[in-house]
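Visitor: After the C-alpha cells below, expect a handful of questions from me.
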Amino acid sequence: MLSELNQIKTKDGLRLEGLLFKAQGKALRRGSGRAIALWLGGLGSRFSSSPARVHAIAGELAKKKISFAVFNNRGFGDVNSLTIKHGKKSAYKYFGASFEKFEDCVLDIEAMIRFCRKRGYKKIFLLGYSTGANKTAYYILKKRGRGIAAACLLGPMNDAIVIKKELGRKYKKALETAGKMVRRGKGSELLPMTMTNGMFWTAARFWSNARKSSNEDLFPYYDPKRKFRWTKNIRLPVLVLIGSREQHADRPVLEIMERFQREIPAEYFSGKIIKGANHGFRKKEKELGRELAKWISMVSRK
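For the sequence shown, our numbering assigns the number 1 to the initial residue and increments by one for each residue that follows.
Listed below in C-alpha cells is the structure:
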C-alpha cells in the first residue's frame with residue numbers, strides 16, 4: 001500500500017490537503033473498475049486527526065484491493081484562515097468549524113470526487129463520520145449522491161441534541177442570542193464564550209449546527225413525527241455504523257439504529273452496531289475497517 005500527500009481544489013477556490021492510500025494489485029472482481037473509499041471527517045477534524053483509525057481502515061481496505069483517501073474539508077480545526085484563489089487573484093477568508101457554512105460541504109465533496117475520477121477510480125464510496133455523516137446525507141439530498149456508488153454513515157448523531165446536552169442550561173440563551181445576531185446581520189461575529197463553555201462559535205455557525213429544523217438537522221430521530229427528508233433521494237446502498245458505547249446518544253443505540261432502518265428504503269439499507277465502540281471507534285479501528293471493507297466488497301459485486 002502506497003500513500004501520497006495530495007491536494008484538492010474546490011470550485012470556490014479552496015485548496016485542501018489530504019492523503020491517498022493506493023491499494024496494490026487487481027481491482028475488485030466483477031467490479032466495473034478500481035474502487036476507492038473517501039473519508040469525510042467530523043466537526044473540526046483534520047485528515048491527520050486519528051492516525052490509528054486512518055491506518056487501520058486503509059490497511060483493511062487494501063486487503064480487498066480498495067484504495068482509501070482522507071482530506072481536510074473547509075471545517076477542519078476551529079478557526080483557519082485559508083487562501084481562496086481564482087486565477088491570479090487571491091484572498092484570505094476564515095473557515096474552520098467555527099466559520100464554515102454547512103451547505104458548502106457539497107463543494108468539498110464534489111472536489112474529492114473529481115480528484116478520484118481524475119486518478120481513474122470508477123467506484124467511489126463516501127464514508128461520512130460524525131458531522132461528516134450529516135454532510136453525506138445533505139449531499140444525497142441536494143445531489144442525489146451523484147458520482148458515488150454508495151454511502152456510509154458512521155456515528156450519525158444529531159448535533160443539536162449533542163450541543164444541548166453539553167451546554168445544559170446555557171443552550172436556550174445561546175440559541176436565542178445566535179438567532180438575534182443572525183437576524184441583525186452579525187452572523188459572522190463570535191458568540192460570547194461564556195455561553196458556549198469556551199468554544200469558538202460564530203452566531204451563524206451555532207444557529208445552523210445547534211438548531212433543530214436547520215439544514216443540518218438531518219437525523220431527527222428525537223421526533224417520531226418527522227421524516228428524514230434526505231432519504232427520499234436515496235438511490236444507492238447506505239450503511240449505518242454506530243458504536244454500542246456511543247457517548248453522544250440521548251437514547252438507546254438500538255432505538256436510533258431502528259429509526260434509520262425505518263427511514264431508509266429497505267432495498268438500500270444495511271446497518272450494524274459495533275460492540276464496545278464509542279463515537280470515535282477507539283480501540284475498534286480494525287473491526288471498523290473490516291466492516292467497511294466487507295460492505296464495499298459486497299455492494300461492488302451487485
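Positions of the beta carbon are idealized from the N, C-alpha and C atoms, including for glycine.
1) Give me the DSSP bridge partner(s) of Lys85.
2) Mind pulling the alpha helix (DSSP H) runs of 4 or more residues that sit fully within the region 102 to 180?
3) Report buried or exposed for Asn73, applying the criterion of at least 16 other Cβ atoms within 10 angstroms of its Cβ.
4) Among the residues of its own chain, which have a CB less than 6 angstroms from the CB of Leu126, if the five just before and after it don't count?
5) CB-CB under 6 angstroms to Lys85, same chain, minus the five flanking residues each way: which ones, in chain order?
6) Just confirm the distance between the C-beta atoms of Ala293 and Glu60, as a whole number of angstroms; I'd bet it's less than 8 angstroms.
7) If we call anything under 8 angstroms between Cβ atoms a contact, is Phe102 one with Glu216?
8) Mapping the DSSP letters down to three states, classify Arg282 as helix, strand or coil.
9) Could you work out which residue in Asn158, Leu19, Pro265 is closest to Ser50 when comparing CA atoms only?
10) Report the partner residues of Gln7 according to the DSSP bridge assignment.
11) Beta carbon of Met195, beta carbon of Thr177: below 8 angstroms?
12) Assign Phe200 to one of three DSSP states: helix, strand, or coil.
13) Just the Cα atoms here: how many angstroms apart are Lys212 and Lys272?
14) According to DSSP, Ala37 sits in a beta bridge with which residue or residues?
15) Here's the rule: buried if 16 or more other CB atoms are within 10 angstroms of the residue's CB, otherwise exposed. What is Arg169?
16) Any idea if Asn80 is buried or exposed, counting beta-carbon neighbours within 10 angstroms, 16 or more meaning buried?
17) Suppose the cutoff is 6 angstroms on Cβ atoms and the five residues either side in sequence are ignored; what does the same chain contact list for Arg53 look like?
18) Check whether the region 154 to 170 and the region 93 to 111 touch, using three or more Cβ-Cβ pairs below 8 angstroms as the test.
19) Per DSSP, what kind of secondary structure is Leu2 in: helix, strand or coil?
20) Going by DSSP, what residue range makes up the alpha helix (DSSP H) through Phe228?
21) Which residues in the same chain have their Cβ closer than 6 angstroms to the Cβ of Cys116, if we skip the five residues on either side of it in sequence?
22) Could you name the residues of the same chain whose beta carbon sits closer than 6 angstroms to that of Met163, not counting the 5 residues immediately before and after it, in chain order?
23) Using the Cβ count rule (16 or more neighbours within 10 Å means buried), how would you classify Glu189?
24) Can you tell me which of Phe21, Ala174, Leu16 puts its alpha carbon nearest to the alpha carbon of Leu2?
25) With H, G and I counted as helix, E and B as strand and the rest as coil, what does DSSP make of Val54?
26) Throw me the rounded Cβ distance for the Gly77 and Ala97 pair, which I believe falls under 8 angstroms.
27) Ignore the nearest five residues each way along the sequence and tell me which others in Ser208's own chain have a CB closer than 6 angstroms to its CB.
28) For the alpha helix (DSSP H) holding Phe260, just list the boundary residues, first then last.
29) Kindly give me the distance between the Cβ atoms of Leu154 and Ala133, rounded to whole angstroms, as I take these residues to be in contact under 8 angstroms.
30) Restricting to Cα atoms, I'd like to know which of Ile57, Gln7, Arg46 is closest to Leu288.
31) Does the beta-carbon of Pro237 have 16 or more other beta-carbons within 10 angstroms, so that it is buried, or is it exposed?
Guide: Based on what the coordinates show:
1) DSSP lists Ser90 as partners of Lys85.
2) Taking 4 residues as the minimum length, the alpha helix (DSSP H) runs contained wholly in the region 102 to 180 are 105 to 118, 131 to 143, 159 to 167, in order along the chain.
3) Of the residues assessed, Asn73 falls on the buried side of the cut-off, its CB having 16 or more other CB atoms within 10 angstroms.
4) Excluding its 5 nearest sequence neighbours in each direction, Leu126 has C-beta neighbours in its own chain below 6 angstroms: Leu38, Thr136, Ile148, Ala151, listed in chain order.
5) Once the five neighbours on either side are set aside, the close Cβ partners of Lys85 are Gly13.
6) For Ala293 against Glu60, the beta-carbon gap comes to about 5 angstroms, under 8 angstroms, which counts as contact.
7) It is a contact, given that the beta carbons lie within the stated cut-off.
8) Arg282: coil per DSSP, three-state reduction.
9) Among Asn158, Leu19, Pro265, the Cα nearest to that of Ser50 belongs to Leu19.
10) Gln7 pairs with Glu17.
11) Contact flag set, yes.
12) Residue state for Phe200 is assigned as coil, using DSSP reduced to three classes.
13) Linking Lys212 to Lys272 through their CA atoms gives a straight-line distance of about 26 angstroms.
14) Looking at the DSSP assignment, Ala37 forms a beta bridge with Phe68, Phe125.
15) It is exposed - the Cβ of Arg169 has fewer than 16 other Cβ atoms within 10 Å.
16) Flag for Asn80 reads buried.
17) Around Arg53: Glu285.
18) No contact exists between the region 154 to 170 and the region 93 to 111.
19) Strand, per DSSP.
20) Unbroken run through Phe228: none, as it is neither H nor E.
21) Closer than 6 angstroms at Cβ, skipping near neighbours: Ile36, Ile124.
22) A small correction: the amino acid at residue 163 is Ile; Met does not occupy that position in the sequence shown. Contacts found: Ala210.
23) Result: exposed.
24) Here the closest residue by C-alpha is Phe21.
25) Val54: helix per DSSP, three-state reduction.
26) Contact check for Gly77 and Ala97: beta-carbon distance about 7 angstroms, within the 8 angstroms limit, so the pair qualifies.
27) Phe102, Ser214, Glu216.
28) Counting along the chain, the unbroken alpha helix (DSSP H) around Phe260 starts and ends at 253 to 263.
29) Right, their Cβ atoms sit about 6 angstroms apart.
30) Of the candidates Ile57, Gln7, Arg46, the one whose C-alpha sits nearest the C-alpha of Leu288 is Ile57.
31) Answer is buried; the Cβ neighbour count reaches 16.
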